[in-house]
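Data block below; observations after.
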Amino acid sequence: MAFIIAEPCIDVKDTACLNTCPVDCIHPRKDQSDFESARMLYIDPVACIDCGACVPVCPVEAIFAEDDLPYFWDHYAQINAEHYKNSAEKREPSMLTQIGGEIESDFTQPLGMLSDCHKRIRYFLSALLTTVTQADEGPLTVHQCVYLETALRYFRDAAPKHTADEEQSLFPRLRCIDTPEMQVALREIEDLEADHRKAESQHQETDAIIHQWMMDGGISSKAIARLRKSLTELSELYERHILLEETDIFPLAVASLSDAEKSIVGREMAARRGIESIRSNLES
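Residue numbers (our numbering): 7 to 290.
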């Protein structure tokens, strides 16, 4: 589910959303040739990671989650998608993710997309850690609430798709490969799946503590200590988890899976995000 820019943006084109998007999926930018001629901005439904960072900064409230888009603006979902389908800017080398400064992979490169997700995990976890440290035990500012809610929304709504990509699409196919190297990797995959369960539990605790902080306007010393401990443990878990996948599992998957199998993984990942057009392109 991507976010969508609707009619209120027309002839406004405020660029606050561009500055808050962590993956550079809103265009055109002021430095792009079609900015002046464009009447509005558009969100790339493929690149959007559903973080919602753009929503609260829009001065005309033009940005909606797909499920929340008013019925009389339903057609803007297609308008946003068509902009990227028909525009060469989608493939320009200048379209870089702000996380890591590299061109991101697409669904034709499913292992690359899984690696890109790791950048976002690090980014949003860092946002949580930094904001919690800056706020200390005091009341949260409006901006701190926005940063925290954006990061929490990512781990609540977008990150589980990454887990499903691995556990439902990638790992089952690796389990069908009978080689000595894969047998070793399968034992590591069991550890990775256990990490997913542990991270899910810790994210639930973190989410609950931060939302209580927002509602109460303050936080106790005991609660902030629990929060910092949980975030530190999550950081350590993710670093170990990501290192294992990046150095062992993903390279082995790239070498072991056929192009057809990778294509199926990519289609399943696209379907998990409701992107039918990408599925059709991969199938053709």
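In this text, a Cβ means the ideal position worked out from N, Cα and C, and glycines have one as well.
Test item: CB-CB of residue i and residue j under 8 Å
i	j	result
ARG126	PRO28	yes
LEU180	LEU198	no
PRO14	GLU67	yes
ASN86	ILE10	yes
CYS23	LEU47	yes
ILE281	PRO116	no
ALA59	THR156	yes
ARG159	CYS64	no
Range covered by the alpha helix (DSSP H) that runs through residue i
i	result
PHE256	256-262
PHE130	116-141
Under the three-state DSSP convention, the category residue i falls into
i	result
PHE9	strand
ALA229	helix
ALA22	helix
SER283	Note that SER283 has pLDDT 47, beneath the 50 cutoff, so the model's placement of it is unreliable and no number is given.
PHE113	coil
PHE78	helix
ILE32	strand
ALA277	helix
ALA291	Given a span of 7 to 290 for the chain in the structure shown, any question on residue 291 remains unanswerable.
ALA68	coil
ILE16	coil
ILE49	strand
SER269	helix
ILE55	coil
ASP37	coil
SER236	helix
Does the count of Cβ pairs from the stretch 147-167 and the stretch 75-95 closer than 8 Å reach three? no
4-residue-minimum alpha helix (DSSP H) runs that sit fully inside the stretch 147-216, ordered along the chain: 148-159, 165-170 and 177-180
Could you say if the stretch 224-231 and the stretch 242-249 meet the contact criterion of at least three C-beta pairs nearer than 8 Å? no
Please determine if the stretch 137-147 and the stretch 171-191 are in contact, where contact requires at least 3 C-beta pairs separated by less than 8 Å. no
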